[in-house]
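Heads up, the thing below is written out as structure tokens.
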Amino acid sequence: MRPFIYSTLLLLLTLGSCQEDNDAVPLSCASNAEEVKKITDANGRVNFDATLKRYTISRAEPGTYDVVDVGVLCDDYLPKDLQMANTKVLFSGIYYKHNQPSGLPVGTTYYYLALSEVKAE
Numbered sequence: 242m243r244p245f246i247y248s249t250l251l252l253l254l255t256l257g258s259c260q261e262d263n264d265a266v267p268l269s270c271a272s273n274a275e276e277v278k279k280i281t282d283a284n285g286r287v288n289f290d291a292t293l294k295r296y297t298i299s300r301a302e303p304g305t306y307d308v309v310d311v312g313v314l315c316d317d318y319l320p321k322d323l324q325m326a327n328t329k330v331l332f333s334g335i336y337y338k339h340n341q342p343s344g345l346p347v348g349t350t351y352y353y354l355a356l357s358e359v360k361a362e
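Count along the sequence shown from 1, add 241, and you get the number used in the numbering used here.
Next up, the structure:
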């Protein structure tokens, strides 16, 4: 009877253990990248970066005129109907550290972006 009780307790502890709550899609192109910041319900614009061969979502930092975060999407998570240049979107997700391309305008920062939600604005 004791082995049954111990097994049950072990099972309950395993199932009840804390897990990180992360709804964002895992990054396949930057699995070791460091998390920088979370973003929720942000306005942005979809574009395709021909150099990186990936879709991006650019977001102007509220209250500034020259600070732009560019989120590089690793996976094909972006719905087909949003894969058009200058499509306005509302999105949430996590920015991860990205090696900055050379020749960027001042105030532009590239991140990998793992989306947890995206929809047309």
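C-beta atoms are modelled at their ideal positions from N, C-alpha and C, and glycine is treated no differently.
Extent of the continuous beta strand (DSSP E) to which residue i belongs
i	result
Ala355	Thr349 to Ala361
Thr328	Thr328 to Lys338
Ala301	Arg295 to Ala301
Asp290	Glu276 to Asp290
Asp316	Neither: Asp316 is in no beta strand (DSSP E) and is coded neither H nor E.
Pairwise C-alpha distance: residue j and residue i
i	j	result
Asp287	Gly348	A quick correction: the sequence has Val, not Asp, at residue 287. Rounded to the nearest angstrom, the two C-alpha atoms are 19 Å apart.
Lys279	Ile335	4 Å
Asn327	Glu358	18 Å
Thr305	Ala283	15 Å
Thr291	Asp322	The question names Thr, but residue 291 is Ala in the sequence shown. Rounded to whole angstroms, Ala291 to Asp322 spans 19 Å at the Cα level.
Asp307	Pro342	17 Å
Met325	Ala361	11 Å
Thr350	Thr281	18 Å
Beta-carbon contacts of residue i that lie in its chain and below 8 Å, excluding the five residues immediately before and after
i	result
Tyr337	Leu268, Ala271, Ala274, Glu275, Glu276, Val277, Tyr352, Tyr353, Leu354 and Ala355
Cutoff 7 Å; reference residue i; Cβ partners in own chain excluding five residues on either side
i	result
Gly285	Ile298, Ser299, Arg300, Val330 and Phe332
Leu293	Val313
Of the listed residues the options, nearest to residue i (C-alpha basis)
i	options	result
Leu345	Asp310, Lys294, Ser357 and Thr328	Asp310
His339	Cys315, Thr305 and Phe289	Cys315
Cβ neighbours of residue i in the same chain (closer than 6 Å, five flanking residues each side left out)
i	result
Leu319	Tyr296
Glu302	Val308
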